Amino acid sequence: MKRTVSGKVAMKSSESIAKELLEVLGYKVSEFHKKVIINGVEVSDVDIVAEKDGKLYAVEVKAGPADVSSIRQVYVNSKVLKMIPIIVSRGLADERAAELAKELNVDIISLSDQVLTNLDELYVTFKSALIDFFNDALRFLSKCNTLSEGDLRILSHIALSENMEEAARNYGASLEEFVAEVSNLQKKGVLPKGRYDYVLLISKLMILLCSFLKNQQ
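Numbering (this note's numbering), first residue to last: 1 to 217.
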């Protein structure tokens, strides 16, 4: 049996997604990472133990599609624990997995491809990213008083160009020569390394701030 759950689901990890999905479907999650023990020896574990209508379920959580191996695993674990097997995953990997799940009566709860964070989680993530950005940006912006006119000219051409090739052309140098100039600024800690769009943003901010500070003098 295959059921598909669509819509927006809060996300911190695959297991937290699975927990919320199960609760939406009427299951009560009672345990995470339950050990599977045979004759005193731990042989495996199940990601989640859930209960519904007086029945216990051994739930395997997969971030991707469920394959033959994961179906076998949850089936064996469920038999040892005397529970009913469920896999929460992004569907099934192939026809072999589909046939095996059907044969072993392993229930598949399929996640939609659009699993989004809820507003609280989105806020925390955005806030953290924003703090990191400003800490990073301020590190570069503090370099204004160390920049030469030549440095500012390079920053100006970056700030006014959509890509490195355009910046080099407007600067009047070959791409290799201009990249060397930018690399020198990066080594001095004036510009960040990485994607051009971030270098572009920092260049724009530095031109604005450095011009403002110069006018205040």
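Just so it is clear, CB atoms sit at the ideal spot from N, CA and C, and this is done for glycine as well.
Only a predicted model underlies this, so the values are computations on that prediction, with no experimental measurement involved.
Taking the CB atoms as reference points, tell me whether Val68 and Arg96 lie closer together than 7 Å.
-> yes
Please state whether DSSP places Asp197 in a helix, a strand or coil.
-> helix
Same chain, Cβ closer than 8 Å to Val179, five either side skipped, listed in chain order = Met164 and Ala168
Mind the definition here: the stretch 96-108 touches the stretch 152-166 only if three or more C-beta pairs lie below 8 Å; say whether that holds.
-> no
Endpoints, alpha helix (DSSP H) assigned at Asp151 = Glu149 to Ala159
Assign Asn77 to buried or exposed, taking buried as 16 or more other Cβ atoms, counted over all protein chains shown, within 10 Å of its Cβ.
-> buried
Under a Cβ-count criterion, where at least 16 other Cβ atoms within 10 Å of its own Cβ denotes burial, should Ile109 be classed as buried or exposed?
-> buried
Excluding the 5 residues preceding and the 5 following Lys2 in the sequence, name in chain order all residues of the same chain whose CB lies nearer than 7 Å to its CB.
-> In this prediction, Lys2 scores a pLDDT of 47, lower than 50, which makes its location untrustworthy; no coordinate-derived value is stated.
Quick one, which of Val29, Phe32, Tyr27 and Leu185 has its alpha-carbon nearest Leu152's?
-> Leu185
Where Lys59 sits in the DSSP three-state scheme | Sequence inspection shows Val at residue 59; the Lys mentioned does not correspond to that position. In the structure shown, Val59 sits in a strand (DSSP, three-state: E or B).
Whole-angstrom Cβ separation of Lys52 and Tyr27, contact assumed at under 8 Å?
-> 5 Å
If you draw a straight line from the alpha carbon of His157 to that of Gly172, how long is it in whole angstroms?
-> 10 Å
Taking only the alpha-carbon atoms, compute the straight-line gap between Phe140 and Glu42 and give it to the nearest angstrom.
-> 53 Å
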